[in-house]
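Just below is one structure, and these are the notes that go with it.
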Amino acid sequence: MSRRVNATTALWGLRLDPDDKPVAFAVGFVMLILLIGTGYTLYTQGSAPLLQPQYLLQQLQVGSFLGIVAAGLMLVILLGHIDLSVPWTLTAAAMIATAVGGPWAIPAGIGVGLVVGMVNGLGVAYLRVPSMIFTLGMNAVMRGLMVAHTGGFAPQTAATDLMQYLAVARIGDMIPAALLVWLAVSVAVVAILTRTTLGRSIYAIGNRERAAYLSGIDTNRVILVTFALSGAAAGLAGVLLAGYSTKAYQGMGDAYLLPAIAAVVIGGTNILGGRGRYLGTLVGVILIVLLNSVLSIMQMLEAGRQIIYGCVIISMLLVYGRGARVTG
Amino acid sequence: MLEPAPFFALENITKRYGGVHALRNVDFACSRGSIHAVLGENGAGKSTLMKIMAGVVQPDEGSMILEGVPVTFPTPSAANRAGIVCIFQELSLMPELTVADNITLSSPPRRFGFIDGRAQRRRSEELLARVGCEDINPLSRVSDLPLSRRQLVEIAKALGRDPKLLILDEATSALTSTDVDSVYRMLFELKARDLSILYISHRMHEIEALADRCSVFRNGRHIETFAKGVRSNDEIIGLMIGREIEGQFPEKPKRPRPAPLITIRDLCWENHLKGIGLEAGRGEIVGLGGLDGQGQKELLLALFGVLRGVRGTVTIDGQPMLPSSPRAAKGGRARMALVPEDRKSEGLILSMSIADNIAMASLDRLSHGTFIDPGRTRQAVERAIEQLRIKIGSAGDPVATLSGGNQQKVVIAKWLATDPDVILLNDPTRGIDVGTKHEIYRLMRELAEEGACILFYSTDTEELIGCCDRVAVIYDGRVVRELDGDAITERNLIASALNIVERREPVHV
Numbered sequence: 006m007s008r009r010v011n012a013t014t015a016l017w018g019l020r021l022d023p024d025d026k027p028v029a030f031a032v033g034f035v036m037l038i039l040l041i042g043t044g045y046t047l048y049t050q051g052s053a054p055l056l057q058p059q060y061l062l063q064q065l066q067v068g069s070f071l072g073i074v075a076a077g078l079m080l081v082i083l084l085g086h087i088d089l090s091v092p093w094t095l096t097a098a099a100m101i102a103t104a105v106g107g108p109w110a111i112p113a114g115i116g117v118g119l120v121v122g123m124v125n126g127l128g129v130a131y132l133r134v135p136s137m138i139f140t141l142g143m144n145a146v147m148r149g150l151m152v153a154h155t156g157g158f159a160p161q162t163a164a165t166d167l168m169q170y171l172a173v174a175r176i177g178d179m180i181p182a183a184l185l186v187w188l189a190v191s192v193a194v195v196a197i198l199t200r201t202t203l204g205r206s207i208y209a210i211g212n213r214e215r216a217a218y219l220s221g222i223d224t225n226r227v228i229l230v231t232f233a234l235s236g237a238a239a240g241l242a243g244v245l246l247a248g249y250s251t252k253a254y255q256g257m258g259d260a261y262l263l264p265a266i267a268a269v270v271i272g273g274t275n276i277l278g279g280r281g282r283y284l285g286t287l288v289g290v291i292l293i294v295l296l297n298s299v300l301s302i303m304q305m306l307e308a309g310r311q312i313i314y315g316c317v318i319i320s321m322l323l324v325y326g327r328g329a330r331v332t333g
Numbered sequence: 114m115l116e117p118a119p120f121f122a123l124e125n126i127t128k129r130y131g132g133v134h135a136l137r138n139v140d141f142a143c144s145r146g147s148i149h150a151v152l153g154e155n156g157a158g159k160s161t162l163m164k165i166m167a168g169v170v171q172p173d174e175g176s177m178i179l180e181g182v183p184v185t186f187p188t189p190s191a192a193n194r195a196g197i198v199c200i201f202q203e204l205s206l207m208p209e210l211t212v213a214d215n216i217t218l219s220s221p222p223r224r225f226g227f228i229d230g231r232a233q234r235r236r237s238e239e240l241l242a243r244v245g246c247e248d249i250n251p252l253s254r255v256s257d258l259p260l261s262r263r264q265l266v267e268i269a270k271a272l273g274r275d276p277k278l279l280i281l282d283e284a285t286s287a288l289t290s291t292d293v294d295s296v297y298r299m300l301f302e303l304k305a306r307d308l309s310i311l312y313i314s315h316r317m318h319e320i321e322a323l324a325d326r327c328s329v330f331r332n333g334r335h336i337e338t339f340a341k342g343v344r345s346n347d348e349i350i351g352l353m354i355g356r357e358i359e360g361q362f363p364e365k366p367k368r369p370r371p372a373p374l375i376t377i378r379d380l381c382w383e384n385h386l387k388g389i390g391l392e393a394g395r396g397e398i399v400g401l402g403g404l405d406g407q408g409q410k411e412l413l414l415a416l417f418g419v420l421r422g423v424r425g426t427v428t429i430d431g432q433p434m435l436p437s438s439p440r441a442a443k444g445g446r447a448r449m450a451l452v453p454e455d456r457k458s459e460g461l462i463l464s465m466s467i468a469d470n471i472a473m474a475s476l477d478r479l480s481h482g483t484f485i486d487p488g489r490t491r492q493a494v495e496r497a498i499e500q501l502r503i504k505i506g507s508a509g510d511p512v513a514t515l516s517g518g519n520q521q522k523v524v525i526a527k528w529l530a531t532d533p534d535v536i537l538l539n540d541p542t543r544g545i546d547v548g549t550k551h552e553i554y555r556l557m558r559e560l561a562e563e564g565a566c567i568l569f570y571s572t573d574t575e576e577l578i579g580c581c582d583r584v585a586v587i588y589d590g591r592v593v594r595e596l597d598g599d600a601i602t603e604r605n606l607i608a609s610a611l612n613i614v615e616r617r618e619p620v621h622v
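Protein chains in written order, with this note's numbering: chain A, 6 to 333; chain B, 114 to 622.
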């Protein structure tokens, strides 16, 4: 008994509890991907480009957009909800940001995300519509609004210089600015989850909303704020993505929803809410980005890539599911 | 008089839940052509016995003999096939299906492998007519029916299984007086058809009207079985109590009744609360007595702001205050705290740590703005663990790893951290070991001495007697009697809980 006390107080936050297992596993899998990819390139080209910092930083830059979306989505998933409006929230933010232009482009883009998120939050918290339905509906609404806004064509407006700078610039010719933005978002999410009443309430609601409510937590407000944060994160990702490709275009967010959910879940966050650590989501994003990249370097056919991708997600979840789980 | 040979006999049945004996060496028998009432306090073991007969739970020891042949019922459907059908207290109908679907749920009439809708409807009409419900359309949905009609549908459904032994576990609790009459007629008719009927009810006059024989249970033991009319009501209550007050309760201070802190007037909610009036002051422990499910739980929830559409007035220090949410309740003029009924699903978040759970209700006190102060939180958690002597390995362990008693202490600690003025306790000692119970009693008295006002609902009369300065006995959503000081006796509590002091008016639902 006393030994356990010492171990846990000495290593507060560092002990290997069930939540760390998925993270460790995902890190191991990232290594495995790099190893297999390197083996392949050594065999075919006689070089190991995957292990060069240049390649890895490039991947992190590309991964930043997914990482920011996943960070916001993780908050919602921890609540026990889901945000399916990510694709068109992201697209709308990008389109509005490029349309507004000037110094207000970025605030406008994030603002669009925030507003969509708040509407989602109102619907889920106060109208009690299941989030899966409500956010799916919002996604369609945003798509309609954007088609009306652009007439169905790619908007002609371009991303501002600041947007492009944040998305593609390398600081000191080395560190991508997008990576720093991702880092900033990550620090904010970690702070929310571990240091604030909001974070504690998110975990509590995700585990058992009734008990959280009876503890006097304003559950509806927490749900509203969390969805707003998720929307804002999607908006920010849209702004950056528009900067990366210098303009906004139809369907630019479509490739982000499922990989973001996969990243969150591979990182060990319980899809039903209440459990998960941000570190896991971070590793999950890296895993997905690297897996995609290595499969394309290996010139795997699209069909094969999809199959491997799906199998990886399912098999990792099977491994996590084996752990003893406390359910109320 | 020659006893008729028993139709169904249980011998030496024992059932344990964990370390608690729900039934101890029970012998019980019932015969055909009779209505047999089963009496006892909450937790006396009646429901467990019925569940064993109906195959819902398995006895740990003992045997069952049906018409002279030893039987076991591994599942409820095995019991059904043997002709034993049970109507449980909680309704088991599917609200979104039609009445006909529900009645024929387990074996719908089929033609060519498909459900024969017309035959199903005919059969349902027949069965509904037998319980006096010709007016229910078999095609209406159960959720559209009022509660009393649903209970009759439940009875019709049970009849559809051609029972030889019909068990009614408080199956009439929601019926209106006219419905009760038609159920009586049906039961007498079934008795005439040589069925065996077991009837559990807390309404003494129903038992007087119906039963041929009565059996009294107490603390998991079968105390006595006697024919109708052999014992008076008073004697029956004596049999139901029959034990010494045991255990130590903290001394009750002798002092005049304090000025009311919280005053409740005419509190109504749906048809569970029908005009509750109650007062309680600082330093007082006021018990809420009565049988299970008479509105005590709803009263506590209403005071804590959980229920919507509560009418009536609640004043604190003369100022009106009826909170709209638990958040408002814990931060209002007088801080309230509720230790809810089910600690596992309402009081705690089992997979979160002990520390997180203790801090859960007082996060706003432990944080600067939006940021939680880790130092203060740790101190508060340590203080609470020490104060309540919660036995833990580490405060970071999930609260699910603790024993029931220690879990309940965590729930209490969580609320003490908010420094409450009014403490609402919903059966806080249910399923807890004796030692922890006594610690909780002592703590309640300490809190009252420090100026808290405690409303204490318990299903255990002994606790109410031992702990409370006053007890309000609640029956059918009203306070029927307030007992004070020496008047708080087991006999008074049970008599007023059954409401046999004044004859009950017919209920109009």
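C-beta: ideal position from N, C-alpha, C; glycine also.
Just so you know, these numbers come straight off a predicted model, no measurement behind them.
The segment 155 to 165 of chain B makes contact with the segment 136 to 144 of chain B; the number of CB pairs closer than 8 Å reaches 3 or more. For A/S206, the closest Cβ of chain B is nearer than 9 Å. Between the C-alpha atoms of A/A159 and A/M147 there is a straight-line separation of about 15 Å.
Each residue's CA atom was taken as its position, placing A/A97 and A/A217 some 34 Å apart.
Contact of A/R200 with chain B is assigned, a C-beta pair being separated by under 9 Å. By the C-beta density criterion, A/I138 is exposed, having fewer than 16 other C-beta atoms within 10 angstroms. In this structure the segment 88 to 103 of chain A touches the segment 119 to 139 of chain A; the number of beta carbon pairs closer than 8 Å is three or more.
With respect to chain B, the C-beta atom of A/N297 has no partner C-beta closer than 9 Å. With 16 or more neighbouring CB atoms inside 10 Å of its own CB, A/W93 falls in the buried class. Counting only runs of 3+ residues, the beta strand (DSSP E) found wholly inside the segment 393 to 455 of chain B occupies 398 to 402, 424 to 429 and 449 to 452, in chain order. Within its own chain, the residues whose Cβ lies closer than 7 Å to the Cβ of A/I111, once the five positions on either side in sequence are excluded, are A102, L167, M168 and V244, listed in chain order. Residues of the segment 449 to 465 of chain B whose Cβ lies closer than 8 Å to any Cβ of chain A, in chain order: L451, P453, K457, S458, E459, G460, L461, I462, L463, S464 and M465. In the three-state reduction of the DSSP assignment, B/P183 falls in the strand class. Nearest to B/T211 by alpha-carbon distance, out of B/R263, B/R334 and B/V547, is B/R263. Between B/S219 and B/S190, the gap from beta carbon to beta carbon is short of 9 Å. Here the alpha carbon of A/Y208 sits roughly 13 Å from the alpha carbon of A/V195. A/Y48 counts as exposed, since fewer than 16 other C-beta atoms from the protein chains shown sit within 10 angstroms of its C-beta.
A direct Cα-Cα distance of roughly 34 Å separates B/A269 from B/G388. The continuous beta strand (DSSP E) containing B/L380 extends over residues P373 to W382. Between A/Y218 and chain B, the shortest Cβ-Cβ separation is below 9 Å.
At least one C-beta of chain B is nearer than 9 Å to the C-beta of A/D223.
B/N332 sits in coil when the DSSP states are folded into three classes, being neither helix nor strand. Under the DSSP assignment, A/I87 falls outside any alpha helix (DSSP H); it carries neither an H nor an E label.
Taking the Cα positions, B/P208 is about 11 Å away from B/P259.
Counting along the chain, A/Y170 sits inside the alpha helix (DSSP H) bounded by residues D166 to V173. The criterion of a C-beta distance shorter than 9 Å is satisfied by B/F120 and B/L278.
For B/E124, the enclosing beta strand (DSSP E) stretches over residues F121 to Y130. Runs of the alpha helix (DSSP H) spanning 4 or more residues and lying entirely within the segment 209 to 261 of chain A occur at 214 to 219 and 224 to 249, in chain order. Secondary structure note for A/L80: its alpha helix (DSSP H) is the uninterrupted segment P58 to L83.
Contacts with chain B at 9 Å (Cβ-Cβ) include A/L203. Scanning its chain for C-beta atoms nearer than 8 Å, with the 5 sequence neighbours on each side dropped, one finds around B/R234 the residues A213, P251 and L252, in chain order. According to the DSSP secondary-structure assignment, B/E337 is paired through a beta bridge with B/V329. Closest in C-alpha terms to B/R502, from the list B/L265, B/A526, B/T127 and B/T188, comes B/A526. Taking the CA atoms as reference points, B/I377 sits about 33 Å from B/L152. Taking every protein chain shown into account, the CB of B/S571 has 16 or more other CB atoms within 10 angstroms, so this residue is buried.
Taking C-beta separations shorter than 8 Å and ignoring five residues to either side along the sequence, the partners of A/L150 in its chain run A97, following chain order.
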